[in-house]
Ligand SMILES: [Zn+2]
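Here's what the structure looks like:
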């Protein structure tokens with residue numbers, strides 16, 4: 077069995093060592109949806125005849141992965157950071173361009189909220205070490221890359237509820253500019269079940285200062301998701317979950333103004349609009 081597994085992964089390991097490229101083979105390469113804007117993902121089919129296996133793919137400073145969609149095509153998948161400033165993304169091998177993709181404009185609205193507990197907006201010095209430690213933990217979690225063959229990366233919505241804040245919103249808390257909203261907020265009553273949108277392994281299941289009770293799931297192949305402000309966590313670190321398993325319940329722990337799920341999806345460590353992974357549009 078062990079030999080079988082090794083042979084199964086061998087081409088993957090070799091290709092990633094030789095070319096420093098992550099090669100993802102999948103029967104389902106239609107997700108993430110092609111969404112050429114900051115916070116979205118490029119998903120571009122390239123004829124296999126045009127890709128030189130030995131030569132590294134050059135995408136500027138952007139990370140990428142690949143998905144073999146058929147014998148004829150490979151899809152190049154590039155997560156685009158929300159703060160990406162360029163108008164165009166190119167991929168080339170040696171001097172040959174594989175593609176030039178022009179980005180579309182995406183409107184992200186502003187949101188201004190007031191939080192009365194000053195400790196949550198500007199935490200006192202006592203909380204700083206804890207916050208720093210949790211920041212490092214979550215940074216490490218979202219950057220995990222495990223070379224796993226995904227059969228699909230099409231997600232279901234984790235909670236039935238109302239979208240109360242979209243991805244990418246420019247936020248101000250008590251008039252102070254804060255980080256852009258790097259996930260989707262889904263409003264639902266406290267105690268509403270949260271299900272895993274896709275199979276994976278729980279890599280964090282604990283309490284955070286800002287996120288409250290939080291879960292991180294590693295789906296493999298550079299795809300990770302997180303769930304914050306839960307009233308209760310239903311799984312433990314190391315648990316394997318299937319799509320649809322109950323992982324926790326909606327709550328209002330951490331920095332919140334009411335019960336909701338804050339849901340984030342990361343590809344190669346980059347926060348991406350979770351909508352581009354959804355099987356049904358919101
Ligand atoms: Zn949120």
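Numbering (the working numbering), first residue to last: 77 to 358. Glycine is no exception: its CB is placed at the ideal position from the N, C-alpha and C atoms.
Measure from the alpha carbon of residue i to the alpha carbon of each residue in the options, then state which is nearest.
i: residue 334; options: 290, 318 and 266; result: 266
i: residue 139; options: 130, 119, 124 and 125; result: 119
i: residue 251; options: 258, 215 and 186; result: 186
i: residue 114; options: 256, 207, 189 and 278; result: 256
i: residue 233; options: 259, 296, 192 and 215; result: 259
i: residue 287; options: 253, 298, 343 and 213; result: 213
i: residue 141; options: 182, 122 and 248; result: 122
i: residue 279; options: 254, 245, 315 and 308; result: 315
i: residue 321; options: 189, 159 and 277; result: 277
i: residue 137; options: 130, 116, 129 and 162; result: 162
i: residue 299; options: 206, 226 and 158; result: 226
Only counting the same chain, and skipping five residues up and downstream in sequence, which positions put a Cβ closer than 6 Å to that of residue i?
i: residue 283; result: 289
i: residue 264; result: 235, 237 and 326
i: residue 109; result: 352
i: residue 345; result: 218 and 219
i: residue 105; result: 143, 145 and 151
i: residue 332; result: 305
i: residue 107; result: 229, 230 and 353
i: residue 281; result: 291, 309, 311, 312 and 313
i: residue 247; result: 187, 254 and 257
Could you tell me the alpha carbon to alpha carbon distance between residue i and residue j, rounded to whole angstroms?
i: residue 329; j: residue 357; result: 28 Å
i: residue 219; j: residue 148; result: 31 Å
i: residue 171; j: residue 165; result: 15 Å
i: residue 152; j: residue 174; result: 10 Å
i: residue 337; j: residue 262; result: 5 Å
i: residue 125; j: residue 154; result: 20 Å
i: residue 297; j: residue 343; result: 8 Å
i: residue 268; j: residue 215; result: 28 Å
i: residue 222; j: residue 294; result: 8 Å
i: residue 239; j: residue 184; result: 15 Å
i: residue 207; j: residue 285; result: 6 Å
By Cβ distance below 7 Å, which residues in the same chain neighbour residue i in space, the five residues on each side in sequence not counted?
i: residue 323; result: 270, 271, 272, 291, 303, 310, 311 and 317
i: residue 341; result: 301, 348, 350 and 353
i: residue 168; result: 134 and 174
In this structure, what does DSSP give as the bridge partners for residue i?
i: residue 295; result: Answer is none; residue 295 lacks a bridge partner.
i: residue 169; result: 133 and 172
i: residue 277; result: 294 and 316
So, at 8 Å on beta carbons, what are the nonlocal neighbours of residue i in its own chain, with the 5 sequence-adjacent residues on each side left out?
i: residue 70; result: Any question about residue 70 goes unanswered here, given that the chain covers just 77 to 358.
i: residue 30; result: Shown here, the chain extends from 77 to 358; a query on residue 30 therefore has no answer.
Identify every run of the alpha helix (DSSP H) within the stretch 174-249, keeping only runs that are complete inside it and at least 4 residues long; order them along the chain.
With a minimum length of 4 residues, the continuous alpha helix (DSSP H) runs that stay inside the stretch 174-249 are 194-197 and 204-218.
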